[in-house]
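Chemist: Dropping the structure in here first, questions after.
Chains as they are written, first to last, in the working numbering: chain A, 1 to 260; chain B, 1001 to 1568.
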């Protein structure tokens, strides 16, 4: 099964330095969280979308499309509970609170998209090396990369285990919620046990390759900042500063919105 | 010039929480450049011994440790695993779990990076070691896209990149198909010729130990015998007694009371001619005719499984199967063989509806699988997965075996009856109240088989039923399966163990690149050595020897039966 998220293409986004991508991701968060009004979020959302198109990584969103849909629908409703406005539409929804929900939903969706682009275009090792070069301790970085690495392993054992139990007659599709939850026990226990077994070998293999043998270590992988990196970082910084300035000047809010 | 690199004296070790000592007084010395193979039954202490060499014991696995292990003059108790890693490289059986990186190059770089080797030198070592194991063309590929054999070669390269003086490999080929095994052993062979590296390999496959300098036989944590490989391999009875697979060739000649036992097919052909023996045409034809009559008799039964132009394309676009047409009849015992990733498991998963064809069709009992669904098909066609740990979840053996009948809402007294019957069939009567996780691998394998049998399927599919078991366990597992077959179950097994196919299958399907490459009676298929080789398969030495004599024999017993001694 094809379970890795990293997409091995050669696009301008892939070629960017991991540090640039991590920084831009942080900028994206700032840029999105500052405005409430969905209209003011649009330019940044468009930029993220273009980034996704250029890096050909939007395809990875398809993998989480169901979760994403659930999140979108529930977020569109949920935020109305925490806000209200003057123009009542129906049920708990006012025009202002609806716009607010829309903005928050866009924040969520595009943060996920941005994160997905980061992971899809950056090798695990580069990502960690980027974080280490930005000051993260090596062991901490390695822990992150290990957990990223475990995801596909666990996913593929879940597939095998559910096949094994289904061929023994386990039917995951019927019954009420409680019954269905109980049916997950035959899946969860083997997943835990086999993951523990394989992480045990993983630990042994890691030590046997001299992990932590020396205080310092070298990195074969090299990060390299190019012209495009500097241009994008400068652009990102200007964008964020502009956004903060506009927000202080009072733009980007929803008039008449009351938050609880 | 001999230089002592390993000396172990009176080593005892007990895992924490265990009552028994896993190693009980092992003493062993090795010189630079030697190649030692360690063999023994399951849980004899082979892997434990291997783990002592780089300090995983006593540092990673805590427990009770007595005696001394000195490697390159360093006492392993006083050095961490990471420190020992500079001298001792370790390759594990599980090739998935020992690779960490997202591309081949970085995987090789990982070890040297930990020892702060400078970047240029790392680059040089990557080039050197990838070329050494023949993975140069794959350097930018993610390891997850490599085949099992390539992954294991990569694991070896990544360890060699640390330039260890000693290389320990713990069952490196257990999960590989025959030709991938050979690839790994060719590397071992190259390494053997280097006098700067000392090799210790834990191995189940007897044929692959021929090149070793010495073989150590272990039983119950004790060293039973150590000596030159050729001498040990002639000890047919001792090996069988220890639960190890003896080579077919010396086994045959021993049974014939031939004095100087040959070991390889070449030697065997020579010895055979020297003895002036002959294979009786009439007896051979008789044997073949009997076998063919049995197959024809089956084929007059109803076909249970039929595939017509079966195609399967995975959602990611990979075409795993194409144009497969086959029929399996009631009461047959069928083997499906092929390289890792050839599509054999994909094919088997179509027989119980786990996978549905994306083209063509599969019929079970005359009905397309698409119309029946997995829940219904599961009752007719049982599927035992390769790894029993992928299905066991209960605290008691009884509940595990009762899972399937209970899901089918059978009354409790019938559930009890079926569990009793299934446990009896796998030889686990009396284990009802045991915790399945406390059983050995072969015990858990049996629980998994019983759990499937409890649904009383007509067809039983077993995916790699003998992998990870020792010879004695493999034999008893296959005897169990044959017994089920004799009681009327139709058996389909997927395997890499060619001797298991030779001795237990009636018909064989060979899958290569998603297509049916060869099919026929086991004898007919094993006669096609060249075609098998193209499908990355290889008959056991004994069968190769027989083929060279002009007739295909599937076991030493068959040859004895057809033999005419020249003098008589």
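Ideal placement from N, C-alpha and C gives every residue a C-beta, glycine not left out.
Counting only Cβ pairs nearer than 7 Å, list the residues of chain B close to residue 190 of chain A.
Modeler: Position 190 of the first chain, counted from the start, is the residue given in the question as residue 190 of chain A. Those are 1389, 1390, 1391, 1392 and 1393, listed as they occur along chain B.
Chemist: Measuring only the C-alpha atoms, how far is residue 1 of chain A from residue 149 of chain A?
Modeler: Counted from its first residue, the first chain places residue 1 of chain A at position 1. Counted from its first residue, the first chain places residue 149 of chain A at position 149. Model confidence at residue 1 of chain A stands at a pLDDT of 38, short of 50, so the residue's coordinates are unreliable and nothing is read from them.
Chemist: So which residues on chain B does residue 182 of chain A lean against when the C-beta distance must stay under 7 Å?
Modeler: As a first step, residue 182 of chain A is located in the first chain; it is residue number 182 there, counting from the start. What residue 182 of chain A touches in chain B: nothing, since even the nearest Cβ is about 12 Å away.
Chemist: Taking residue 155 of chain A as part of the beta strand (DSSP E), name the residues at either end of that continuous run.
Modeler: Taking the first chain and counting its residues from 1, one reaches residue 155 of chain A at position 155. Careful: residue 155 of chain A lies outside any beta strand (DSSP E), inside the alpha helix (DSSP H) at 138–167.
Chemist: Buried or exposed, going by whether 16 or more other CB atoms sit within 10 Å of the CB of residue 1435 of chain B?
Modeler: In the second chain, the residue the question calls residue 1435 of chain B occupies position 435. Exposed: under 16 other Cβ atoms inside 10 Å.
Chemist: Can you grab the Cα-Cα spacing for the pair residue 1046 of chain B / residue 1245 of chain B, in whole Å?
Modeler: For the purposes of this step, residue 1046 of chain B is taken as the residue at position 46 of the second chain. For the purposes of this step, residue 1245 of chain B is taken as the residue at position 245 of the second chain. C-alpha separation (whole angstroms): 16 Å.
Chemist: For the beta strand (DSSP E) containing residue 27 of chain A, list its first residue and its last residue.
Modeler: As a first step, residue 27 of chain A must be located in the first chain, where it is residue number 27. Run containing residue 27 of chain A: none in the beta strand (DSSP E); it sits in the alpha helix (DSSP H), 18–34.
Chemist: Where in the region 1020–1088 of chain B do unbroken runs of the beta strand (DSSP E), each at least 3 residues long, occur, reported from the N-terminal end onward?
Modeler: Fully enclosed beta strand (DSSP E) runs of 3 or longer: 1023–1031, 1035–1040 and 1063–1071.
Chemist: When burial is assigned at 16 or more other CB atoms within 10 Å of the CB, is residue 1170 of chain B buried or exposed?
Modeler: In the second chain, the residue the question calls residue 1170 of chain B occupies position 170. Buried, because 16 or more other Cβ atoms sit within 10 Å of the Cβ of residue 1170 of chain B.
Chemist: Going residue by residue through the region 1405–1483 of chain B, where are the continuous beta strand (DSSP E) segments of at least 3 residues, counting only ones entirely within it?
Modeler: Complete beta strand (DSSP E) runs here, min 3: 1459–1463.
Chemist: Please list the segments of the alpha helix (DSSP H) lying wholly inside the region 1232–1317 of chain B, counting only runs of 4 or more residues, in order along the chain.
Modeler: Correct list: 1236–1241, 1248–1255, 1265–1275 and 1281–1299.
Chemist: What number of angstroms, rounded off, separates the C-alpha of residue 1223 of chain B from the C-alpha of residue 1519 of chain B?
Modeler: If you number the second chain from 1, residue 1223 of chain B lands on position 223. If you number the second chain from 1, residue 1519 of chain B lands on position 519. Their Cα atoms are separated by approximately 44 Å.
Chemist: Kindly indicate which three-state DSSP category residue 1138 of chain B falls into: helix, strand or coil?
Modeler: Here residue 1138 of chain B corresponds to residue number 138 of the second chain, with the count starting at 1. Residue state, collapsed to three classes: helix.
Chemist: Taking only beta-carbon atoms, is residue 155 of chain A less than 8 Å away from chain B?
Modeler: Stepping through the first chain from its first residue, residue 155 of chain A is reached at position 155. Taking Cβ atoms only, chain B never reaches closer than 8 Å to residue 155 of chain A, which makes this a no.
Chemist: Can you tell me where the beta strand (DSSP E) with residue 214 of chain A in it begins and where it stops?
Modeler: Stepping through the first chain from its first residue, residue 214 of chain A is reached at position 214. Run containing residue 214 of chain A: none; DSSP gives neither H nor E here.
Chemist: Report the CB separation of residue 1425 of chain B from residue 1455 of chain B in whole angstroms; it is logged as a contact under 8 Å.
Modeler: Locating residue 1425 of chain B in the second chain gives position 425, counting from the first residue. Locating residue 1455 of chain B in the second chain gives position 455, counting from the first residue. In fact, because the Cβ distance is near 13 Å, the residues do not count as touching under 8 Å.
Chemist: Return the first residue and the last residue of the alpha helix (DSSP H) that residue 261 of chain A is part of.
Modeler: Nothing can be reported for residue 261 of chain A, as the shown portion of chain A is limited to 1 through 260.
Chemist: To the nearest angstrom, report how far apart residue 1567 of chain B and residue 1276 of chain B are at their CA atoms.
Modeler: What you label residue 1567 of chain B is simply residue 567 of the second chain in a count that begins at 1. What you label residue 1276 of chain B is simply residue 276 of the second chain in a count that begins at 1. With a pLDDT of 46 at residue 1567 of chain B, under the threshold of 50, the predicted position of this residue should be treated as unreliable, though the coordinate-derived value follows. Using only the alpha carbons, I get a separation of about 8 Å.
Chemist: Just to make sure I have the definition right: I need the residues of chain B whose C-beta is within less than 7 Å of the C-beta of residue 221 of chain A. Which are they?
Modeler: Stepping through the first chain from its first residue, residue 221 of chain A is reached at position 221. Neighbours of residue 221 of chain A on chain B, chain order: 1106.
Chemist: Contact check, residue 125 of chain A vs residue 1144 of chain B under 8 Å by CB: the rounded distance?
Modeler: Translated into positions along the first chain, residue 125 of chain A becomes position 125. Translated into positions along the second chain, residue 1144 of chain B becomes position 144. Actually they do not touch by this definition, with Cβ atoms about 14 Å apart.
Chemist: Could you tell me which chain A residues have their CB closer than 9 Å to the CB of residue 1162 of chain B, listed as they occur along the chain?
Modeler: For the purposes of this step, residue 1162 of chain B is identified with residue 162 of the second chain, where counting begins at 1. Near residue 1162 of chain B (Cβ distances below 9 Å), the residues of chain A are 209 and 210.
Chemist: For residue 15 of chain A and residue 248 of chain A, I'd like the C-alpha separation in whole angstroms.
Modeler: As a position in the first chain, residue 15 of chain A is number 15, starting the count at 1. As a position in the first chain, residue 248 of chain A is number 248, starting the count at 1. Cα-Cα distance, rounded: 35 Å.
Chemist: Could you tell me the boundaries of the beta strand (DSSP E) in which residue 1169 of chain B lies?
Modeler: Counting from one through the second chain, the residue named residue 1169 of chain B turns up at place 169. Its beta strand (DSSP E) spans residues 1166–1170.
Chemist: Just to make sure I have the definition right: I need the residues of chain A whose C-beta is within less than 8 Å of the C-beta of residue 1114 of chain B. Which are they?
Modeler: Taking the second chain and counting its residues from 1, the one referred to as residue 1114 of chain B is at position 114. Correct list: 209, 210, 211, 212, 213, 214 and 217.
Chemist: Note the first and the last residue of the continuous beta strand (DSSP E) segment covering residue 1490 of chain B.
Modeler: As a working mapping, residue 1490 of chain B is identified with position 490 in the second chain. Here the beta strand (DSSP E) through residue 1490 of chain B covers 1490–1494.
Chemist: Look at the alpha carbon of residue 1013 of chain B and the alpha carbon of residue 1022 of chain B, and state the distance between them as a whole number of angstroms.
Modeler: The residue labelled residue 1013 of chain B in the question sits at position 13 within the second chain. The residue labelled residue 1022 of chain B in the question sits at position 22 within the second chain. Their backbone Cα atoms lie some 6 Å apart in a straight line.
Chemist: Roughly how many whole angstroms lie between the Cα atoms of residue 1288 of chain B and residue 1440 of chain B?
Modeler: For the purposes of this step, residue 1288 of chain B is identified with residue 288 of the second chain, where counting begins at 1. For the purposes of this step, residue 1440 of chain B is identified with residue 440 of the second chain, where counting begins at 1. Cα to Cα, residue 1288 of chain B sits roughly 39 Å from residue 1440 of chain B.
Chemist: Return helix, strand or coil for residue 1216 of chain B, following the three-state DSSP convention.
Modeler: Taking the second chain and counting its residues from 1, one reaches residue 1216 of chain B at position 216. Strand.
Chemist: Can you pull the DSSP bridge partners for residue 1178 of chain B?
Modeler: On the second chain, position 178 is the one that residue 1178 of chain B refers to. Residue 1178 of chain B is not bridged to any residue.
Chemist: Quick one: is residue 106 of chain A buried, meaning 16 or more other Cβ sit within 10 Å of its Cβ, or exposed?
Modeler: As a first step, residue 106 of chain A is located in the first chain; it is residue number 106 there, counting from the start. Label assigned to residue 106 of chain A: buried.
Chemist: Would you say the region 1465–1481 of chain B touches the region 1257–1266 of chain B, given that touching needs at least three Cβ pairs under 8 Å?
Modeler: As far as the Cβ criterion goes, the region 1465–1481 of chain B does not touch the region 1257–1266 of chain B, which means the pair count is below three.
Chemist: Select from B:1158, B:1113, B:1157 and B:1105 the residue whose C-alpha is nearest the C-alpha of residue 1141 of chain B.
Modeler: Within the second chain, the letter at position 141 stands for residue 1141 of chain B. With distances taken between Cα atoms, residue 1141 of chain B lies closest to B:1105.
Chemist: Helix, strand or coil for residue 227 of chain A, going by three-state DSSP, please let me know.
Modeler: Counting from 1 along the first chain, the entry for residue 227 of chain A is found at position 227. Three-state result, residue 227 of chain A: helix.
Chemist: When Cβ atoms are compared, which residues of the region 108–129 of chain A fall closer than 7 Å to chain B?
Modeler: Listed by position, the residues of the region 108–129 of chain A near chain B (Cβ gap below 7 Å) are 123, 124 and 125.
Chemist: Using a Cβ-Cβ distance cut-off of 8 Å, determine whether residue 1122 of chain B contacts chain A.
Modeler: In the second chain, counting from the first residue as 1, residue 1122 of chain B sits at position 122. Cβ-Cβ to chain A under 8 Å: yes for residue 1122 of chain B.
Chemist: Which partner residues of residue 1515 of chain B appear in the DSSP bridge assignment?
Modeler: Reading the second chain from its first residue, position 515 is the one you call residue 1515 of chain B. Paired residue(s): B:1512.
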